[in-house]
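Residue 241 in full-length UniProt numbering sits at position 241 of the sequence shown, and the numbers go up by one each step.
Take a look at the structure below.
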Amino acid sequence: MLQTPESGGLPVPQAEGEKDGGHDGETRAPTASQERPKEELGAGREEGAAEPALTRKGARALAAKALARRRAYRRLNRTVAELVQFLLVKDKKKSPITRSEMVKYVIGDLKILFPDIIARAAEHLRYVFGFELKQFDRKHHTYILINKLKPLEEEEEEEDLGGDGPRLGLLMMILGLIYMRGNSAREAQVWEMLRRLGVQPSKYHFLFGYPKRLIMEDFVQQRYLSYRRVPHTNPPEYEFSWGPRSHLEISKMKVLGFVAKLHKKEPQHWPVQYREALADEADRARAKARAEASMRARASARAGIHLW
């Protein structure tokens, strides 16, 4: 993500009275050693007067650059989301999609960024919706979507979560948002994330049905998500957290890896979450070892073998 430059500019010079210890408007007569030619004093005042103006100008320039970068970043994200939706809608007709169509209907004057936009769209299609974007005609830059790539590589995890690629991808996005925000996310933040993906929470989506209903009736009812009121909020606000099934079926390291792939970074880029995920992996390994030891003990007992 883009980093906002540090605010502030060059320090503003102090007033002469502050340098010499004067206050309350008191002026000091310069001593002989302090006296300088009028020309030098005049030059000093001009130099000192110009510095605050340069500082303000520099600060405004920095702020303008930071604002322009944020706007460019938001526009790029919006274009990626719009391209993903465009590709999904085109795929419903099972017709190939050309680069010229993408540029004409979605990308527009950002066509110089086409390689980056198409790469990011492909990542979202793969990990969020369970589709693989394939270019099958390089000469005419023609693409198709293949609905066969599993969002998670481990088959057993996909089976635990119902084997539905797009829905699983959406659940992983929500779990990732919750995890990266300190293990809880306000309801409004979840709906805003969906909108950034080009998915309106209350409008029908051909992959998810009604997304809000899917989240509230399926994910919450199946205990993948927990939903509760935030204490001491008026008007009342609600938040999501991981449900007990998510804690059992999905590791924090898996979710962090999912987020890292979307951002094209390594999991270590988020040190707090990475340390927490490592601790979770260690806990899981100990729990698995205890369960296996218990199973071996029960098997030995059934076989009539006593180990003591």
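Using N, Cα and C, we set each Cβ at its ideal position, and we do this for glycine too.
C-alpha gap between residue 233 and residue 192, whole angstroms: Roughly 20 Å between the two C-alpha positions.
What does residue 205 pair with, by DSSP beta-bridge criteria? Per DSSP, 209.
According to the neighbour-count rule (16 or more other Cβ atoms, all chains shown, within 10 Å of its Cβ), is residue 336 buried or exposed? Only positions 1 to 308 of the chain appear in the structure, and residue 336 is not among them; the question remains open.
Identify the residues that DSSP records as bridge partners of residue 238: which are they? Bridge partners of residue 238: 229.
CA nearest to the CA of residue 365, picked from 221, 182, 199 and 220: Because the chain here runs from 1 to 308, residue 365 falls outside it and cannot be looked at.
Using 8 Å as the cut-off, can you tell me whether the segment 77-97 makes contact with the segment 122-140, which would need three or more C-beta pairs spanning the two stretches below that distance? Contact between the segment 77-97 and the segment 122-140 is present, because at least three Cβ pairs lie under 8 Å.
Starting from the C-beta of residue 134, find all residues in its chain whose C-beta is less than 8 Å away, skip the five residues before and the five after it, and write them out in chain order. Once the five neighbours on either side are set aside, the close Cβ partners of residue 134 are 143, 144, 145 and 146.
Short check: CB of residue 90 to CB of residue 103, under 7 Å? The criterion of a C-beta distance shorter than 7 Å is not satisfied by residue 90 and residue 103.
On a CA-only basis, which of 184, 181 and 174 is nearest residue 195? Give me that one, please. Each of 184, 181 and 174 was checked against the Cα of residue 195, and the nearest Cα belongs to 174.
What is the residue span of the alpha helix (DSSP H) that residue 258 lies within? According to the DSSP assignment, residue 258 belongs to the alpha helix (DSSP H) that extends over 252-263.
What are the boundary residues of the beta strand (DSSP E) that includes residue 137? Note, residue 137: beta strand (DSSP E), 132-137.
When you compare only the Cα positions, how much space is there between residue 226 and residue 271? Each residue's alpha carbon lies about 25 Å from the other.
Below 8 Å CB to CB, which residues in the same chain sit around residue 177 once its five sequence neighbours on both sides are set aside? Cβ within range, chain order: 185, 189, 190 and 193.
Helix or strand or just coil, what does DSSP make of residue 181? Of the three classes helix, strand and coil, the one that applies to residue 181 here is coil, per DSSP.
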